[in-house]
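The next block holds one structure in the form of structure tokens; read it before the comments.
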Amino acid sequence: MEATLFDKTFRDNEGNLAIAQKPNLPSIVAGIALLLLLTPIEGKLRLAVTAIAYGTAYTWAWMELFQGVNYFRRSLGLIVLLGAIGVWIW
200 MEATLFDKTF RDNEGNLAIA QKPNLPSIVA GIALLLLLTP IEGKLRLAVT
250 AIAYGTAYTW AWMELFQGVN YFRRSLGLIV LLGAIGVWIW
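This is how it looks when you write it as structure tokens:
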């Protein structure tokens, strides 16, 4: 039986719904770094934390875009990657 668009979009190779998953290392590091950016740090430390936040966000998005288990996860990676690039350029 051929997989439907819903299956290709939201199911993994085993047929399980795969919309959310446990966070991987890049998403954990990016989340912590982004939270640190909400604190009043300045100077070189802020620059370093910003680089870590965006670097790990790019890494996570790139991994999802090319290794995501379904179209939804790959689309999410593309959206985050474009958003991170847009914020960086802005």
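So the sequence shown is numbered by the working numbering: it starts at 200 and just counts up by one.
For every residue, glycine included, the Cβ atom is placed at its ideal position computed from N, Cα and C.
Note that the structure is predicted; figures quoted are calculated from it, not measured.
### Spatial distance of Thr249 from Leu236 (CA atoms)
Computed Cα separation, rounded: 7 Å.
### Query
Taking the C-alpha atoms as reference points, what is the distance between Lys207 and Gln266?
14 Å
### Query
Would you call the stretch 253-263 and the stretch 274-285 touching, i.e. three or more CB-CB distances under 8 Å?
yes
### Classification of Thr203 by the beta-carbon crowding that lies within 10 angstroms, buried from 16 upward
exposed
### Anticipated Cβ contact below 8 Å, Leu275 with Ala252, distance rounded
No, Leu275 and Ala252 are not in contact; Cβ-Cβ is about 18 Å, not under 8 Å.
### Query
Under the rule that 16 or more other beta-carbon atoms within 10 Å means buried, what is Asn212, buried or exposed?
exposed
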